[in-house]
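**Q**
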Amino acid sequence: MDDCVFCNIINKIIQSQILFESPDLIVINDIMPKAPVHLLVIPKKHIPGIAHLEAADEVIVGEIVFKAKEMAQKHGIGESGYKLVFNVGPDGGQTVPHLHLHLLGGKKLGE
Ligand code: AMP
Ligand code: ZN
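Going by numbering that gives the first Met the number 0, the residue at position 101 of the sequence shown is 100; the numbering climbs one at a time, nothing skipped.
1. Closer than 5 Å between the C-beta and any heavy atom of the ligand ZN: which residues qualify, listed along the chain?
2. In angstroms, rounded to a whole number, what distance separates the CA positions of LYS196 and PHE85?
3. Per DSSP, what kind of secondary structure is GLY75 in: helix, strand or coil?
4. CB-CB under 8 Å to SER79, same chain, minus the five flanking residues each way: which ones, in chain order?
5. Below 7 Å CB to CB, which residues in the same chain sit around PHE5 once its five sequence neighbours on both sides are set aside?
6. Go through its chain and collect everything with a Cβ distance to ILE27's Cβ below 8 Å, but skip five positions before and after it.
7. Can you tell me whether LYS66 is helix, strand or coil according to DSSP?
8. At which residues does the alpha helix (DSSP H) containing VAL4 begin and terminate?
9. Leaving out the 5 sequence neighbours to the left and right, which residues in its chain are closer than 7 Å to ALA34 when beta-carbon positions are compared?
10. Take GLY88 and list the residues in its own chain whose beta-carbon comes closer than 8 Å to its own, dropping the five residues that flank it on each side.
11. For ILE25, count the other beta carbons within 10 Å of its own beta carbon; 16 or more makes it buried, fewer makes it exposed. Which is it?
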């Protein structure tokens, strides 16, 4: 996926500060943060989005959610609370067609 921004970050073609990396996923800061803490948990596999999940992807989705919970605790928002958001498709506001989970927190977030 040569033109995918997240694949290019994963493959270190685009510079980004990677906060966590495992064989299956990375965690980065969102480049345009919408909250004091705004991280993206991204599987290394190029899955275009939630709508494209296959049965074999069940494990990685669990890993992504679990990692988001861990990162929330690490960033001190485990108790104050946070939002986990998957945007899906055009009406869902998805702009990058590579699956990612937004972790947002550090202030009172609206609806
Ligand atoms: P979405 O709208 O759900 O597809 O979210 C894509 C997110 O990726 C947006 O919040 C962007 O600010 C973020 N983003 C785009 N390019 C980069 C990048 N190079 N590094 C970090 N975050 C990015
Ligand atoms: Zn990709």
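All C-beta atoms, glycine included, are put in the ideal place defined by N, C-alpha and C.
**A** Taking the definition as stated:
1. Those residues, listed in chain order, are MET0, CYS3, PHE5, CYS6, HIS45 and HIS97.
2. Look at the range of the chain in this structure, 0 to 110, and you will see that residue 196 is not part of it.
3. GLY75: coil per DSSP, three-state reduction.
4. Cβ neighbours of SER79 beyond the five flanking positions: GLY104 and GLY105.
5. The residues ILE41, VAL95, HIS97 and HIS99, in chain order, have a CB closer than 7 Å to that of PHE5 in the same chain once the five nearest residues on each side in sequence are set aside.
6. Spatial neighbours of ILE27 in its own chain (CB-CB distance under 8 Å, excluding positions within 5 residues in sequence) are listed in chain order as ILE8, SER15, GLN16, ILE17, LEU18, LEU38, LEU39 and ILE41.
7. LYS66 sits in a helix when the DSSP states are folded into three classes.
8. Unbroken alpha helix (DSSP H) run through VAL4: 4-9.
9. So the list reads LEU103, GLY104, GLY105, LYS106 and LEU108, once near-sequence residues are dropped.
10. Exclusion of the five residues before and after GLY88 leaves GLY48 and ALA50 as the residues of its chain whose Cβ lies within less than 8 Å of its Cβ.
11. The residue in question, ILE25, is buried, as its Cβ has 16 or more Cβ neighbours within 10 Å.
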